[in-house]
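2 protein chains.
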Amino acid sequence: MPRRVDHDERRRELTAALLRIASTRGLQAVSMREVAAEAGVSLRVVQYYFTDKRTLMASGIPELAARLDRRVRERAAAHGTGLPPRTVLEVVLGAILPTDDDSRADQLAWTAYYAAGLTAPADAVDGRYAPDALERWLTGVLERAVDTGEVPADVDPRIEVVGLLALTNGLVSSVLGQQRTVDDALAVVRYRLDRLFR
Amino acid sequence: MPRRVDHDERRRELTAALLRIASTRGLQAVSMREVAAEAGVSLRVVQYYFTDKRTLMASGIPELAARLDRRVRERAAAHGTGLPPRTVLEVVLGAILPTDDDSRADQLAWTAYYAAGLTAPADAVDGRYAPDALERWLTGVLERAVDTGEVPADVDPRIEVVGLLALTNGLVSSVLGQQRTVDDALAVVRYRLDRLFR
DNA sequence: CAAACTGTGGTACGACTGTATCCCGACAGT
DNA sequence: ACTGTCGGGATACAGTCGTACCACAGTTTG
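So the protein sequences, as listed, match chains Z and L.
Here the working numbering is used: the first residue of the first sequence is 175, the next is one more, and so on.
Here the working numbering is used: the first residue of the second sequence is 175, the next is one more, and so on.
So, in structure tokens, the structure goes:
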């Protein structure tokens, strides 16, 4: 048991344990003792690295945001650069959908945080997550598509992107709720894009 | 304090108190004592009419479903009968969005239940809510619109309706999260319908 | 080598929770 | 008028929660 520990690394492990619990048993099943048990450490250690429970809980949001962001970037990078707008949209929106177990778990935890944040003004801290960046990026992509004539000139890129993101978000919900498969959700996204890029 | 009480009525009051707490302070703030206090009765009364906490919690789902269903029907009825498909879709989807404080509170509670149901197989009971009926109804509406030529023949009514409902669902989320106003959400829905019924 | 600090185990405390139990007033049927 | 059931007040109990505190070994610093 070496002294001089990497605090950040330790915190990451504990946060990972927290998210594991949140995605499997829900956010209300997260207690300091449960996180300790899940991470295989004593309660004191959790207290030591996250003084509060609020601090512990708050650590989950940036971690989830980082994971989702990384997933989108990796997917985009895997398809090379300079892709056509239609492909960019399909890849990005597809990256949001819970395709594998990991992304599904993250989306479950994300949903739990989202729901908890709806009620609790002082609790949600400043965990303002900003999907604005993504929204602006895709809007730019679509604007270029309008300029090149790939999509009709009378589409409003701004509203169209808002709609696409809301659509994807709604599909995520239904996939998480197991009312629809990921493939079905992807088919809906592709259908919408097909009609946009007719 | 009269004897011989209407049990159903009493249960409805308690469920209403439960939903009031759930929509303002979240589902995890719901305890038997809190519901009792909110309803202005003693803990024993809550125990008496709902033996379990599970039973108490489970009472919220059908109540919410009934309210949402009633809202959609009322809105539809308020616009008279025999409306054009485009109007039906706009009214129905608009009724899902949280326009006033009541519907917003209900949607908050609904979201809390949805999130709680994602994690907890044995807890969610058989509270399988069926939006299939709504989906089928709107699909029929859109099919008729295809037949009359109001929408292009190459649209797939089934997928289109799934997309519209997912879109609306996603917009509800963003409105609840106060990232968007109801008017903005309605504008997105109208934009989508405008492009569908071009 | 001594002193101070870091990381961690163990445990205790008060506030809650769901549930169970005991009790009694008010009405019903006889 | 008596008795049993219904509706509900009060309280108790065992468990879990977040938090606080104490002790101590190992490491760093002087």
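Backbone N, C-alpha and C define an ideal beta-carbon position, used for all residues, glycine too.
Please read these numbers as outputs of a predicted model, since none were measured by experiment.
Legend entry - Simplified DSSP assignment, three categories, for GLN428/Z: There is no way to answer for residue 428/Z, as the model of chain Z reaches only from 175 to 372.
Legend entry - Positions along the region 192-211 of chain Z whose CB lies within less than 9 Å of some CB in chain L: Residues of the region 192-211 of chain Z with a C-beta less than 9 Å from any C-beta of chain L: ALA196, SER197, THR198, ARG199, GLY200, LEU201, GLN202, ALA203, listed in chain order.
Inset, instruction - Would you check whether the ligand MN has a heavy atom nearer than 7 Å to the C-beta of LEU238/Z? - result: Among the components modelled here there is no ligand, and therefore nothing to report on the ligand MN.
Legend entry - Coarse secondary structure for GLU317/Z, derived from DSSP in three states: For this step, residue 317/Z is matched to residue 143 along the first sequence. Per DSSP, reduced to three states, the secondary structure at GLU317/Z is helical.
Legend entry - Identity of the residue in ASP328/Z, ILE333/Z, ALA327/Z, ALA290/Z nearest ARG310/Z by Cα: Within the first sequence, residue 310/Z is the residue found at index 136, counting from 1. Checking every option, the nearest Cα to that of ARG310/Z belongs to ILE333/Z.
Legend entry - Cα-Cα separation between GLY368/L and LEU308/L, rounded to whole angstroms: On the second sequence, residue 368/L is found 194 positions in, with the first residue counted as 1. On the second sequence, residue 308/L is found 134 positions in, with the first residue counted as 1. A small correction: the amino acid at residue 368/L is Asp; Gly does not occupy that position in the sequence shown. Across the structure, ASP368/L and LEU308/L are spaced so that their CA atoms are roughly 21 Å apart.
Legend entry - Residues of its chain near ALA296/Z, where Cβ-Cβ distance is below 7 Å and the 5 sequence neighbours each way are ignored: As a working mapping, residue 296/Z is identified with position 122 in the first sequence. Since pLDDT at ALA296/Z reaches only 47, below the 50 mark, its modelled position is unreliable, and the value read off the structure follows with that caveat. Nothing meets the Cβ criterion.
Inset, instruction - Inspect the beta-carbon positions of LEU282/Z and LEU350/Z and report whether they are closer than 8 Å. - result: As a first step, residue 282/Z is located in the first sequence; it is residue number 108 there, counting from the start. As a first step, residue 350/Z is located in the first sequence; it is residue number 176 there, counting from the start. The Cβ atoms of LEU282/Z and LEU350/Z lie closer than 8 Å to each other.
Inset, instruction - For GLY314/L, count neighbouring C-beta atoms within 10 Å of its own C-beta (all shown protein chains included) and say buried if the count is 16 or more, exposed if not. - result: As a position in the second sequence, residue 314/L is number 140, starting the count at 1. Classified as exposed, GLY314/L has fewer than 16 neighbouring CB atoms from the shown chains inside 10 Å of its CB.
Legend entry - Cα-Cα separation between SER216/L and ARG207/L, rounded to whole angstroms: Within the second sequence, residue 216/L is the residue found at index 42, counting from 1. Within the second sequence, residue 207/L is the residue found at index 33, counting from 1. The alpha-carbon of SER216/L is positioned some 8 Å away from that of ARG207/L.
Inset, instruction - Name, please, each residue of chain L whose Cβ falls closer than 7 Å to the Cβ of LEU282/Z. - result: As a working mapping, residue 282/Z is identified with position 108 in the first sequence. Using a Cβ-Cβ cut-off of 7 Å, LEU282/Z is close to LEU292, THR293 of chain L, given in chain order.
Inset, instruction - Would you mind working out which of ARG186/L, ARG354/L, VAL204/L, ARG184/L sits nearest ALA290/L, comparing C-alpha positions? - result: For the purposes of this step, residue 290/L is taken as the residue at position 116 of the second sequence. Of the listed residues, the one whose Cα sits closest to ALA290/L is VAL204/L.
Inset, instruction - Residues of the region 263-288 of chain L with a CB closer than 8 Å to any CB of chain Z: list them in chain order, please. - result: Those residues of the region 263-288 of chain L that come within reach of chain Z (Cβ to Cβ, closer than 8 Å) are LEU282, THR285, ALA286, TYR288.
Legend entry - Cβ neighbours of VAL262/Z in the same chain (closer than 6 Å, five flanking residues each side left out): Walking along the first sequence from the start, residue 262/Z turns up at place 88. Contacts found: VAL315.
Legend entry - Close beta carbons around LEU257/L, own chain, < 7 Å, minus the five adjacent residues each side: In the second sequence, counting from the first residue as 1, residue 257/L sits at position 83. For LEU257/L, where only same-chain residues beyond five positions count, there are no Cβ hits under 7 Å.
Inset, instruction - Give me the Cβ distance between GLY337/L and ARG366/Z, rounded to the nearest whole Å; I'm assuming they're in contact under 8 Å. - result: Position 163 of the second sequence, counted from the first residue, corresponds to residue 337/L. Position 192 of the first sequence, counted from the first residue, corresponds to residue 366/Z. Indeed they touch by this definition, with Cβ atoms about 6 Å apart.
Inset, instruction - Compute the distance between the beta-carbons of PHE371/Z and ARG260/Z, then report whether it is under 8 Å. - result: As a working note, residue 371/Z is residue 197 in the first sequence. As a working note, residue 260/Z is residue 86 in the first sequence. Taking 8 Å as the Cβ cut-off, PHE371/Z and ARG260/Z qualify as a contacting pair.
Legend entry - Rounded separation between VAL265/Z and LEU271/Z - CA only: For the purposes of this step, residue 265/Z is taken as residue 91 along the first sequence, with counting starting at 1. For the purposes of this step, residue 271/Z is taken as residue 97 along the first sequence, with counting starting at 1. Each residue's Cα considered, the two are about 10 Å apart.
Inset, instruction - Would you mind stating whether ALA294/Z and ALA196/Z have Cβ atoms separated by less than 8 Å? - result: Here residue 294/Z refers to the residue found at position 120 when the first sequence is read from its first residue. Here residue 196/Z refers to the residue found at position 22 when the first sequence is read from its first residue. No.
Inset, instruction - Return the Cβ separation of ALA340/Z and VAL362/L in integer angstroms, given the expectation that the two are a contact with Cβ distance under 8 Å. - result: Residue numbering aside, residue 340/Z sits at position 166 when the first sequence is read from its first letter. Residue numbering aside, residue 362/L sits at position 188 when the second sequence is read from its first letter. With 8 Å as the limit, ALA340/Z and VAL362/L qualify as a contact, their Cβ atoms being about 7 Å apart.
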